[in-house]
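Student: Structure provided below as structure tokens; questions to follow.
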Amino acid sequence: MKQVSKQLIANIVVIVLVCYVILAVEQIRTTNCNNSDSVLAPLNISLASFADQRQQPTETQPHPPQQPEPPSPPLADTPLRSAARARHGRPLPQCARSDKPARTFLMVFMGHSGSSALLSELSAHSSVYVENPELVDHQEVFNTTAALETTRQFFERGIAKGMIPGYKIRPVHIMKEPDEWRKLVDEYDTRIIWQYRKNFFKAAIGEYKLRFLNDTTVVEGLRSNMSMAKRCEVGTCSFPITDFPYLHTLVKEVWRSQRNIVSGVKVVSRDGCIREAPYEDYLHDRVSTLKDVFRFLGIEFEETQPSRFKATSDNLCEVVENWEDVCQKFYVCPTMAHLLEDEHNQCYCPVVSGSTELCEI
Numbered sequence: 001m002k003q004v005s006k007q008l009i010a011n012i013v014v015i016v017l018v019c020y021v022i023l024a025v026e027q028i029r030t031t032n033c034n035n036s037d038s039v040l041a042p043l044n045i046s047l048a049s050f051a052d053q054r055q056q057p058t059e060t061q062p063h064p065p066q067q068p069e070p071p072s073p074p075l076a077d078t079p080l081r082s083a084a085r086a087r088h089g090r091p092l093p094q095c096a097r098s099d100k101p102a103r104t105f106l107m108v109f110m111g112h113s114g115s116s117a118l119l120s121e122l123s124a125h126s127s128v129y130v131e132n133p134e135l136v137d138h139q140e141v142f143n144t145t146a147a148l149e150t151t152r153q154f155f156e157r158g159i160a161k162g163m164i165p166g167y168k169i170r171p172v173h174i175m176k177e178p179d180e181w182r183k184l185v186d187e188y189d190t191r192i193i194w195q196y197r198k199n200f201f202k203a204a205i206g207e208y209k210l211r212f213l214n215d216t217t218v219v220e221g222l223r224s225n226m227s228m229a230k231r232c233e234v235g236t237c238s239f240p241i242t243d244f245p246y247l248h249t250l251v252k253e254v255w256r257s258q259r260n261i262v263s264g265v266k267v268v269s270r271d272g273c274i275r276e277a278p279y280e281d282y283l284h285d286r287v288s289t290l291k292d293v294f295r296f297l298g299i300e301f302e303e304t305q306p307s308r309f310k311a312t313s314d315n316l317c318e319v320v321e322n323w324e325d326v327c328q329k330f331y332v333c334p335t336m337a338h339l340l341e342d343e344h345n346q347c348y349c350p351v352v353s354g355s356t357e358l359c360e361i
């Protein structure tokens with residue numbers, strides 16, 4: 001009897017618990033159904049807003065103004081650049097101090113001095129007129145009288161175009177008829193650009209490369225701005241000097257050429273109406289050199305690019321494969337020792353005690 005009572009009580013408890021669970025579930029379901037709108041409302045608003053934004057055309061956001069590229073940092077000072085800037089800081093000669101631009105110009109030059117590259121940049125200027133870079137130095141114009149007449153006709157054509165005509169000339173014609181050239185530059189108010197190479201020993205190495213190795217790239221440079229590595233694939237980048245007496249002959253030739261250029265410049269200088277433009281200035285501080293030449297011609301600076309490029313490294317330690325042998329022959333020479341000390345390229349000669357038989361220039 002007692003067992004039956006316990007079983008009955010247990011069953012009643014289970015039934016009560018089941019009923020309680022059923023009622024609780026029903027209450028939760030009813031509450032959730034009644035509140036479904038409020039529960040979904042924020043989600044509905046969010047979706048509706050997104051849909052509205054999709055349907056509305058989006059406003060174009062203005063791009064921030066493009067900032068100009070910062071100017072290139074100035075070239076680091078070196079002795080060669082400092083010397084160039086010192087030259088450019090000199091007062092202009094009297095002929096170039098007026099507001100008037102030059103009427104004509106001549107560039108008196110020597111070989112292996114970057115004259116082709118420099119003149120190509122001058123000819124790219126909107127105010128400068130160049131027909132033939134070397135108008136009278138080649139072919140049929142070997143006659144000096146013809147050279148003078150050709151120059152006059154060219155000057156007249158350029159002036160008629162409202163431009164500044166000019167070209168580069170070696171001193172040969174000038175020294176044959178100095179009085180006639182003096183008259184011509186007076187007649188046309190010609191300003192003289194004196195273009196030469198301070199390190200004439202390097203010029204002689206270039207001449208050796210041309211004559212002994214028949215590498216013609218040293219005459220006018222490269223016509224495209226290829227890298228030096230690429231240049232070495234298509235031509236001679238380094239070589240040994242095997243004929244030292246011949247190199248000595250070339251050194252003397254280049255030195256005589258330097259002296260002839262000075263003589264030619266004196267003839268046509270018109271009371272000092274000249275401006276130096278050495279090869280080293282153009283090579284190591286190109287923009288500053290161009291600005292100075294444009295200022296001398298009385299015209300505004302314009303960004304230009306050369307159409308000729310350097311064909312050989314400026315570092316003789318890289319170019320001459322037997323550099324120490326060259327030092328043994330020439331570093332003992334008082335007139336040449338300083339030309340073999342290249343601080344810019346860190347190329348020097350070791351201490352030597354060779355013979356002075358190749359020192360005469």
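All the letters of the sequence shown, read from the start, carry residue numbers 1 to 361 under UniProt numbering. All C-beta atoms in this analysis are idealised placements derived from N, C-alpha and C, irrespective of residue type, glycine included.
Once DSSP output is grouped into helix, strand and coil, what is the label at PHE109?
Tutor: Residue state, collapsed to three classes: coil.
Student: Whole-angstrom Cβ separation of VAL268 and THR190, contact assumed at under 8 Å?
Tutor: With a Cβ gap of about 7 Å, VAL268 and THR190 count as contacting.
Student: Is THR289 buried or exposed, if buried means 16 or more other CB atoms sit within 10 Å of its CB?
Tutor: The residue in question, THR289, is buried, as its Cβ has 16 or more Cβ neighbours within 10 Å.
Student: Could you check where the alpha helix (DSSP H) with GLY264 kicks off and where it finishes?
Tutor: Note, GLY264: alpha helix (DSSP H), 244 to 268.
Student: Using 8 Å as the Cβ pair cut-off and three pairs as the minimum, do the region 301 to 320 and the region 165 to 177 touch?
Tutor: No, because fewer than three Cβ pairs between the region 301 to 320 and the region 165 to 177 fall closer than 8 Å, the two stretches do not touch.
Student: Determine the direct distance from the alpha carbon of ARG85 to that of CYS349, and round the result to whole angstroms.
Tutor: So the two alpha carbons sit approximately 28 Å from each other.
Student: Rounded C-beta distance between ASP285 and ARG81? I'm assuming under 8 Å.
Tutor: Confirmed, Cβ separation roughly 5 Å.
Student: Any idea which residues DSSP pairs CYS347 with across the strands?
Tutor: According to DSSP, CYS347 bridges with ASP342.
Student: With 16 other CB atoms within 10 Å as the buried threshold, where does LYS176 fall?
Tutor: Answer is exposed; the Cβ neighbour count stays below 16.
Student: For a test of the three-state rule: what should DSSP assign to ARG85, helix, strand or coil?
Tutor: ARG85: helix per DSSP, three-state reduction.
Student: Taking 8 Å as the cut-off, decide whether the C-beta atoms of TYR188 and ARG103 are in contact.
Tutor: Yes.
Student: Let me know the secondary structure DSSP gives ILE361 once reduced to three states.
Tutor: ILE361: coil per DSSP, three-state reduction.
Student: By DSSP, does GLY166 sit in helix, in strand, or in coil?
Tutor: GLY166: strand per DSSP, three-state reduction.
Student: Where does PHE200 fall in DSSP's three states?
Tutor: Correct three-state label for PHE200: helix.
Student: Here's the rule: buried if 16 or more other CB atoms are within 10 angstroms of the residue's CB, otherwise exposed. What is HIS338?
Tutor: When all chains shown are included, HIS338 counts as exposed.
Student: CA-CA distance, ARG211 and LEU247?
Tutor: If I take the Cα positions, the gap works out to 10 Å.
Student: I think PHE239 touches GLU321, with their Cβ atoms under 8 Å apart; what is that distance to the nearest whole Å?
Tutor: Rounded, the Cβ-Cβ distance is 6 Å, consistent with contact.
Student: Touching or not, the region 150 to 163 and the region 124 to 132, by the rule of three or more beta carbon pairs under 8 Å?
Tutor: The answer is yes - the region 124 to 132 touches the region 150 to 163, with three or more Cβ pairs under 8 Å.
Student: Could you round the C-beta distance between LYS209 and ILE361 to whole angstroms and report it? I think they count as a contact, below 8 Å.
Tutor: Actually they are not in contact, since the Cβ atoms of LYS209 and ILE361 sit about 20 Å apart, beyond 8 Å.
Student: For PHE239, which residues does DSSP report across the bridge?
Tutor: Partner(s): VAL320.
Student: What did DSSP end up calling THR304 once you bin it into helix, strand or coil?
Tutor: In this structure, THR304 counts as coil in the three-state DSSP scheme.
Student: Output the distance between the C-alpha atoms of PHE301 and TYR331, rounded to the nearest integer angstrom.
Tutor: Cα to Cα, PHE301 sits roughly 41 Å from TYR331.
Student: If you drop the 5 nearest sequence neighbours on each side, which residues of the same chain put their C-beta closer than 8 Å to that of LYS198?
Tutor: If we look at LYS198 and ignore the five residues flanking it on each side, its Cβ neighbours are PRO278, TYR279 and GLU280.
Student: For GLU134 versus LYS168, is the C-beta distance shorter than 8 Å?
Tutor: For GLU134 and LYS168, yes; Cβs fall inside 8 Å.
Student: Is the Cβ of TYR282 closer than 8 Å to any Cβ of chain C?
Tutor: Included in the structure is just one protein chain, with no chain C present.
Student: Using the three-state DSSP reduction, which class does ARG275 fall into: helix, strand or coil?
Tutor: Here ARG275 sits in strand by DSSP.
Student: Suppose you measure from the CA of ASN345 to the CA of ARG90; what does that come to, to the nearest Å?
Tutor: Approximately 27 Å between the Cα atoms of the pair.
Student: Sort out for me which residues DSSP pairs VAL128 with in a bridge.
Tutor: The partner list for VAL128 (beta bridge, DSSP) reads ILE164.
Student: Helix, strand or coil for ARG191 per DSSP?
Tutor: Strand at ARG191.
Student: What is the rounded straight-line gap between the Cα of PRO178 and the Cα of CYS359?
Tutor: Approximately 32 Å, taken between the alpha carbons.
Student: Please state the DSSP three-state secondary structure of THR144.
Tutor: Looking at THR144 - three-state DSSP - the assignment turns out to be helix.
Student: Return the CA-CA distance between LEU106 and GLN195, expressed in angstroms with no decimal places.
Tutor: Distance between the alpha carbons of LEU106 and GLN195 is about 10 Å.
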